[in-house]
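Chains as they are written, first to last, in our numbering: chain F, 45 to 184; chain B, 45 to 184.
Scroll down for the structure; my scribbles are underneath it.
2 protein chains.
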Amino acid sequence: MINQYKEKLNENGLKNTPQRLAILDIIANEKQPLSAEEILSKLNISVNLSTIYRTLDTMAQKNIISKLEIDGVDRCVYEYNREGHRHYLICKGCKKIVAIYGCPLATYEKSLEQKTEYKIDEHKLFIYGYCPDCNRNKQN
Amino acid sequence: MINQYKEKLNENGLKNTPQRLAILDIIANEKQPLSAEEILSKLNISVNLSTIYRTLDTMAQKNIISKLEIDGVDRCVYEYNREGHRHYLICKGCKKIVAIYGCPLATYEKSLEQKTEYKIDEHKLFIYGYCPDCNRNKQN
DNA sequence: CTACATGCAAACCGTTTGCACCCTA
DNA sequence: TAGGGTGCAAACGGTTTGCATGTAG
Chain F
45 MINQYKEKLN ENGLKNTPQR LAILDIIANE KQPLSAEEIL SKLNISVNLS
95 TIYRTLDTMA QKNIISKLEI DGVDRCVYEY NREGHRHYLI CKGCKKIVAI
145 YGCPLATYEK SLEQKTEYKI DEHKLFIYGY CPDCNRNKQN
Chain B
45 MINQYKEKLN ENGLKNTPQR LAILDIIANE KQPLSAEEIL SKLNISVNLS
95 TIYRTLDTMA QKNIISKLEI DGVDRCVYEY NREGHRHYLI CKGCKKIVAI
145 YGCPLATYEK SLEQKTEYKI DEHKLFIYGY CPDCNRNKQN
């Protein structure tokens, strides 16, 4: 597992450092996107916040992870780049962010490209609501 | 036109001030979402930036306008609430934001609600690409 | 006349940066 | 041992806030 990370870094011309391995380990094992502070709090070794930001930026540039700025969420979150296009389900109560795989928009995108004459290359879909827990609490 | 704005403010229990009318006038006559600074630069009268932010917040709370934070765009933009659900087409070149009416996601949302057991009440779709102008320039 | 609005300046806060030191390859 | 990586502290920049003053109703 650690060796996978080392290879991932090597492939991308990044040096292996304990900080990078620790950050990569956390983000690769987390299903939900995490903020820099959340990563900090999950680290077993001490890493400076600015190092975390720099590491995340670097990895995002190498397409190892993705950086997300979500409307209604006050800080950037970062997520390991797994296979497959995905969208996000955001709980307005607890702010939990869940990735959703599969996408209903491929043909829509094509038709939009024709209509608008834009060269479309990407889209981001964020779905908002209340998770079962928060929804239950709202009722009370 | 000005009277429409006055009524809109009255309806929502907001006092009529020259600042509010001027801001409302600009945002209601603009098809693209605007940032606070852009509104400032379009104003004919002098209004303090913090007043602009406060006015926009107030109007957003009253549902007169919407506040948008878009991934890849560094500041908040605000838009007059017209009829109809809409999405946004963002040019990665010039950062221009265009609203798109019509939505292909109604049935998808329903199915997702069943699958996830979330109470879904909203979604935001941002489509990224290059506008005809920027696309042409990219080729050169 | 009073409660809400505004202007101004300072604070906020997540993120970025400059620089000296460190350590991987 | 050279060049990238890290820690620390300070800067950044869009947005927010406290407070004194202004003004709509």
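Ideal placement from N, C-alpha and C gives every residue a C-beta, glycine not left out.
The structure displayed is predicted, hence computed values, not measured ones.
* Asked: Mind pulling the chain B residues with CB within less than 7 Å of L169(F)?
  -> If you number the first sequence from 1, residue 169(F) lands on position 125. Within 7 Å Cβ-Cβ: H167 and L169.
* To do: Determine the extent of the alpha helix (DSSP H) in which L53(F) is found, giving its start and end residues.
  => Position 9 of the first sequence, counted from the first residue, corresponds to residue 53(F). First-last of the alpha helix (DSSP H) with L53(F): I46 to E55.
* Asked: Which value, in whole angstroms, describes the spacing of the CA atoms of Y10(B) and Y49(F)?
  -> A question about residue 10(B) goes unanswered here, because the residues of chain B that appear run from 45 up to 184.
* Asked: How many angstroms separate the CA atom of D177(F) from the CA atom of N92(F)?
  -> Here residue 177(F) corresponds to residue number 133 of the first sequence, with the count starting at 1. Here residue 92(F) corresponds to residue number 48 of the first sequence, with the count starting at 1. So the alpha carbons of these two residues sit roughly 34 Å apart.
* Report yes or no: is there a C-beta of chain F within less than 8 Å of the C-beta of L112(B)? => Start at 1 with the first residue of the second sequence, and residue 112(B) comes out as number 68. Chain F places a beta carbon closer than 8 Å to that of L112(B), counting this residue as a contact.
* Show which residues of chain B have a CB atom less than 8 Å away from the CB atom of Y145(F). => Start at 1 with the first residue of the first sequence, and residue 145(F) comes out as number 101. Y145(F) does not reach chain B, its nearest Cβ partner there being about 11 Å away, counting only Cβ pairs nearer than 8 Å.
* Asked: Any beta-carbon of chain F closer than 8 Å to the one on Y174(B)?
  -> By one-based count along the second sequence, residue 174(B) stands at place 130. By this cut-off, Y174(B) is an interface position.
* **8 Å Cβ cutoff met for Y162(F) and L133(B)** => Here residue 162(F) is taken as the residue at index 118 of the first sequence, counted from 1. Here residue 133(B) is taken as the residue at index 89 of the second sequence, counted from 1. The answer is yes: Cβ separation under 8 Å.
* Identify whether C135(F) lies in helix, strand or coil by the three-state DSSP scheme. => If you number the first sequence from 1, residue 135(F) lands on position 91. Strand at C135(F).
* To do: Can you tell me the Cβ-Cβ gap for C167(F) and I171(B), rounded? I've got them flagged as a contact below 8 Å.
  => Along the first sequence, one-based indexing puts residue 167(F) at 123. Along the second sequence, one-based indexing puts residue 171(B) at 127. Checking the sequence, you will find His at residue 167(F) rather than Cys. So it is a contact: roughly 4 Å between Cβ atoms.
* Please report how far the alpha carbon of L84(F) lies from the alpha carbon of G116(B), in whole angstroms. => Translated into the one-based positions of the first sequence, residue 84(F) becomes position 40. Translated into the one-based positions of the second sequence, residue 116(B) becomes position 72. Each residue's alpha carbon lies about 24 Å from the other.
* To do: Would you mind telling me which residues of chain F sit closer than 8 Å to Y186(B), beta carbon to beta carbon, in chain order?
  => Any answer about residue 186(B) is impossible in this case: the structure gives chain B only from 45 up to 184.
* Quick one: list the residues of chain B neighbouring E123(F), beta-carbon separation under 8 Å, in chain order. => To locate residue 123(F), count along the first sequence from 1; it is residue 79. Listed along the chain, the chain B residues whose CB falls inside 8 Å of the CB of E123(F) amount to none; the nearest CB is some 13 Å away.
* Asked: First and last residue of the alpha helix (DSSP H) that includes K168(B)?
  -> Residue 168(B) sits at position 124 when you count from the first residue of the second sequence. Counting along the chain, K168(B) sits inside no alpha helix (DSSP H); it lies in the beta strand (DSSP E) bounded by residues K163 to Y174.
* If we count the other Cβ atoms within 10 Å of its Cβ and call it buried at 16 or more, is T61(F) buried or exposed? -> The residue you call residue 61(F) lines up with position 17 of the first sequence. Exposed: under 16 other Cβ atoms inside 10 Å.
* Of all the residues that make up the segment 75-89 of chain B, which are near chain F by a beta-carbon distance shorter than 7 Å? -> Listed in chain order, the positions of the segment 75-89 of chain B with a beta carbon within less than 7 Å of a beta carbon of chain F would be empty, since no residue qualifies.
* To do: Using a Cβ cut-off of 7 Å, pull out every chain B residue sitting near N179(F), in sequence order please.
  => Residue 179(F) sits at position 135 when you count from the first residue of the first sequence. Going along chain B in sequence order, the residues near N179(F) (Cβ under 7 Å) are K163.
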